[in-house]
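Position 275, counted from 1, in the sequence shown is what the working numbering calls 464; the numbers after and before it change by one each time, with no gaps.
Using N, Cα and C, we set each Cβ at its ideal position, and we do this for glycine too.
Just so we're clear, the structure is a prediction, and the values are computed from it rather than from any experiment.
Contents: one structure, followed by commentary.
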Amino acid sequence: MFELICPLCRTALQTHDKTWLCLNGHAFDVSREGYVNLLPVQHKKSLSPGDTADSVAARRRFLGAGHYQPLRDAVARVLRDLSAQRLLDLGCGEGYYTEAMRGEVPLVCGLDIAKPAIQLAARQQKQVTWLVGSAALLPFADASLDVVSSLFSPLPVAEMHRVLRPNGHVLMVTPAPDHLWQVRQGLFEAVRAHEPDKFVQAFHDDFVLVSRQQVEAPLTLSQAALKDLLAMTPYAWKATAERRALLEANESFQTLAAFDVMLFKRRLEQQSEILD
Ligand SMILES: [Zn+2]
190 MFELICPLCR TALQTHDKTW LCLNGHAFDV SREGYVNLLP VQHKKSLSPG DTADSVAARR
250 RFLGAGHYQP LRDAVARVLR DLSAQRLLDL GCGEGYYTEA MRGEVPLVCG LDIAKPAIQL
310 AARQQKQVTW LVGSAALLPF ADASLDVVSS LFSPLPVAEM HRVLRPNGHV LMVTPAPDHL
370 WQVRQGLFEA VRAHEPDKFV QAFHDDFVLV SRQQVEAPLT LSQAALKDLL AMTPYAWKAT
430 AERRALLEAN ESFQTLAAFD VMLFKRRLEQ QSEILD
């Protein structure tokens with residue numbers, strides 16, 4: 190099992206079938222779908238934080254069609270070599286990648302701030318522990334996880350460091366510089382390349398970069414698939430309605446999805462320069 194802690198008082202959380210309880214009596218109910226909401230009301234920044242039900246459904250359709258399968262396969266391959274026992278997938282969304290992780294790691298937890306995403310995930314996959322929660326305060330005991338993954342999601346580096354055991358890993362995926370370039374050309378006056386290198390910097394003090402690869406997925410999209418893609422990316426709601434409508438009028442569209450997949454290893458406290 191996972192070593193969980195209470196998001197309110199940080200004491201150990203005991204899991205039971207119906208309700209999870211901490212030593213101070215804070216109680217969290219297991220939902221009908223099987224997930225647990227560990228997001229205290231006072232930690233919410235809005236009434237329903239994270240993705241909406243519509244964008245979650247669009248992402249489920251788009252990913253379900255296999256457009257990002259090369260990335261899913263690459264993530265599974267990286268994990269296969271680690272022999273990890275406990276993994277947290279941070280910002281897991283509706284769990285498309287989390288399901289593939291479960292094929293490689295015995296104990297997998299998917300955590301996301303968006304309840305609609307976790308509800309959908311919990312209905313589909315019963316072999317994963319699904320939590321609604323915040324990346325700012327991970328509900329795990331110190332040094333209790335082997336891997337934390339974050340795909341296009343927040344990177345609370347200090348919290349990741351706290352929950353990982355010595356020699357534990359962070360698996361991070363972020364858009365490569367030219368990710369969905371043609372889509373962004375349709376939406377914006379000027380397109381800027383993504384800068385994956387800036388994330389490497391954030392890990393520098395406490396982690397070592399172990400491996401890095403670029404994964405590409407050439408896309409030929411129907412009009413419906415293009416609309417789903419626009420509904421699930423953050424790009425579209427930064428664009429004007431006119432430009433989005435013009436782009437959505439394409440009956441077929443070609444572009445390239447490109448991802449930067451990085452694996453970091455937690456440095457040992459005393460031997461910060463030695464890789465074993
Ligand atoms: Zn508590």
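Proximity test, residue i beta-carbon vs ligand 1 heavy atom, cut-off 7 angstroms
i, result
"LEU187", "As shown, the chain starts at 190 and ends at 465. That puts residue 187 outside it, with no answer to give."
"LEU193", "no"
"ASN226", "no"
"CYS298", "no"
"THR200", "yes"
"LEU197", "yes"
"CYS281", "no"
"HIS215", "yes"
Length of the line joining the Cα atoms of residue i and residue j
i, j, result
"TYR257", "ALA406", "6 angstroms"
"LEU445", "PRO364", "11 angstroms"
"TRP319", "ALA311", "6 angstroms"
"GLU283", "VAL336", "19 angstroms"
"ALA438", "THR429", "15 angstroms"
"LEU415", "ARG401", "29 angstroms"
"ASP301", "SER244", "14 angstroms"
"VAL387", "LYS207", "Val is not the amino acid found at residue 387; the sequence shown has Lys there. Whole-angstrom Cα-Cα distance: 43 angstroms."
"GLU440", "SER411", "6 angstroms"
"HIS393", "TYR424", "28 angstroms"
"ARG381", "LEU326", "32 angstroms"
"SER339", "ASN213", "31 angstroms"
"ALA306", "ARG261", "18 angstroms"
"MET361", "PHE341", "8 angstroms"
Environment of residue i [buried if 16+ CB atoms lie within 10 Å]
i, result
"LEU435", "exposed"
"MET190", "exposed"
"ASP218", "exposed"
"TRP426", "exposed"
"LYS304", "buried"
"ARG249", "buried"
"LYS315", "exposed"
"GLN203", "exposed"
"CYS198", "exposed"
Cβ neighbours of residue i in the same chain (closer than 6 angstroms, five flanking residues each side left out)
i, result
"PRO328", "LEU193, ILE194, PRO196, LEU227, GLY322"
"ARG432", "LEU376"
"ASP395", "HIS350, ARG456"
"ALA263", "VAL404, VAL450"
Cβ neighbours of residue i in the same chain (closer than 8 angstroms, five flanking residues each side left out)
i, result
"VAL389", "LEU398, MET451"
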